[in-house]
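Protein sequences, first through last, are from chains G and L.
Residue numbers for the first sequence follow this note's numbering, so the first one is 231 and each next one is one higher.
Residue numbers for the second sequence follow this note's numbering, so the first one is 186 and each next one is one higher.
Where a beta carbon is used, it is the ideal one built from N, C-alpha and C, also for glycine.
Worksheet: one structure, shown below.
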Amino acid sequence: MKNLELLEKIRRGDRSAFKHFYEEYKGMVFNVCYRMLNDKQDAEDATQDIFVKAFRSIQKFRSDAKLSTWLYQIAVNTGLNYARRKKIATWLSLDFLVGKEESILDNAQARPDLKLEKNESDALVQQAIQSLPPRQRTAIILQRYEELSYKEIAEVMKTSLSAVESLLHHAKDNLTKKLIVLLK
Amino acid sequence: MKHKEIQKKLLRYIEAELPPDERAEVQLHLERCEQCRKDVQSLSGAWNLSQSIKQVQPSPFLWNKISAQLGGKTQKGGLVNKVRVFIRQTARPALTAAIVMLGLFIGIKLGNRLMMTEVSSRQAGTSLQLQSEFGLENFRVLSSGSLGGELAAFMDYENE
Ligand SMILES: [Zn+2]
């Protein structure tokens, strides 16, 4: 089904067309949320929110824009909101006193089908990404895991190409510092 | 460039994103610095392995939740999800923090009273007596970290 045709059906409230849309984009949305929140349950809650928002605001979507860019925008904003709330919650629950080691292990064990080494590396990189300021985190996730071009990242983040370049530059330098410490 | 400056550029070096002059400088430094050579190796190992994990997928039941939230009981479903997320993310941690504060407050008050009573009844007896008077033998001493954990576990009533 072509995007425009799909869009028209969703706009008319066609639920099965929306399911089609969900099936096509769920991986992308969930992935962005998971990379942003580093927790599967949080990522699912956020994904649910994002698709509900998308369904309710699809009337506002301009047909000349790219559907994925629009959805990425909702995903990134919602994901960052969840991350902000999660940060406050972590602080309030005093989890920071206990440390984060468990979450790395949890993540490593969450996917036993993959080699532990791979999971450990992924968990470390994930942890380092979490420590980045929100806009650097967004840019690096979109580049590294979503493989978006600079131009596409700029569109999603509503910013200029040079700003994206600078965000990625700083994100990588910050990640290097963090990872060198974590890998010791 | 100093070692420290070189260090923070290593990821962009690995990704071949440095301008030619900076790249040459890093390369020159790597020839002389064993630490940086090691860091490049472990860094590129972790970085590349992590990228090979690509897509993670949501649970197969997620569509049902979304569909329920959009369905006839739209408002209700939306509200239930919001309340659930609110409890997990804000209310429960806030309650934990409040209880910890209360615990600290009671602890300080109790400590003050204990000290005063101890002074006034020095001849009367041991602090053991005082402990049972205040029911302190049932008071478990917890580190602040494990206190948070215990309370969180105690309140973890909505774990699926
Ligand atoms: Zn060096």
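Residue i: contacting residues in chain L (beta-carbon distance under 8 Å)
i	result
aspartate 403/G	Lys193, Lys194, Leu196 and Arg197
tyrosine 380/G	Simply none; closest approach about 12 Å.
Residue span of the alpha helix (DSSP H) that contains residue i, given as start and end
i	result
methionine 266/G	245–267
valine 304/G	The question names valine, but residue 304/G in the sequence shown is isoleucine. First-last of the alpha helix (DSSP H) with isoleucine 304/G: 297–322.
aspartate 224/L	219–236
lysine 232/G	It is not in any alpha helix (DSSP H) - lysine 232/G carries neither H nor E in the DSSP assignment.
glutamate 395/G	391–413
serine 252/L	247–255
Check: residue i C-beta below 8 Å from any heavy atom of ligand 1
i	result
isoleucine 191/L	yes
cysteine 221/L	yes
cysteine 181/G	This structure cannot settle anything about residue 181/G, because the visible part of chain G is limited to 231 through 414.
histidine 399/G	no
histidine 214/L	yes
histidine 188/L	yes
Nearest-angstrom Cα separation, counted from residue j out to residue i
i	j	result
isoleucine 173/G	valine 241/L	Outside the displayed range of chain G (231 to 414) lies residue 173/G, so it cannot be described from this structure.
glycine 230/L	aspartate 269/G	23 Å
histidine 188/L	tryptophan 232/L	21 Å
glutamate 382/G	isoleucine 293/L	57 Å
glutamine 220/L	tyrosine 264/G	33 Å
leucine 247/L	tyrosine 252/G	10 Å
glutamine 254/L	valine 282/G	8 Å
glutamate 415/G	valine 386/G	The displayed coordinates of chain G run from 231 to 414. Any statement about residue 415/G would go beyond what the structure contains.
threonine 406/G	lysine 232/G	42 Å
serine 246/G	leucine 237/G	12 Å
arginine 341/G	aspartate 352/G	Per-residue confidence for arginine 341/G stands at a pLDDT of 48, beneath the threshold of 50, marking its modelled position as unreliable; the derived number appears in the next sentence. Approximately 11 Å between the Cα atoms of the pair.
leucine 196/L	leucine 228/L	7 Å
lysine 249/G	glutamate 376/G	22 Å
isoleucine 199/L	aspartate 224/L	11 Å
alanine 338/G	phenylalanine 291/G	Here alanine 338/G scores only 45 on pLDDT, less than 50, and its place in the model should not be relied on; the value that follows carries that caveat. Cα-Cα distance, rounded: 39 Å.
Residues that residue i contacts on chain G, provided the C-beta gap is smaller than 8 Å
i	result
glycine 230/L	Ser351
Neighbouring residues, chain L, relative to residue i (Cβ below 7 Å)
i	result
phenylalanine 251/G	Within 7 Å Cβ-Cβ: nothing; phenylalanine 251/G doesn't reach chain L, min ~11 Å.
asparagine 261/G	Gln240 and Val241
9 Å Cβ cut-off: residues of chain L touching residue i
i	result
isoleucine 410/G	Gln192, Lys193, Leu195, Asp224, Ser227 and Leu228
Beta-carbon neighbours of residue i, restricted to chain G and to distances below 7 Å
i	result
lysine 250/L	Gln278
Contacts that residue i makes with chain G (C-beta to C-beta distance below 9 Å)
i	result
alanine 201/L	Here the premise fails: no neighbours, minimum Cβ distance about 12 Å.
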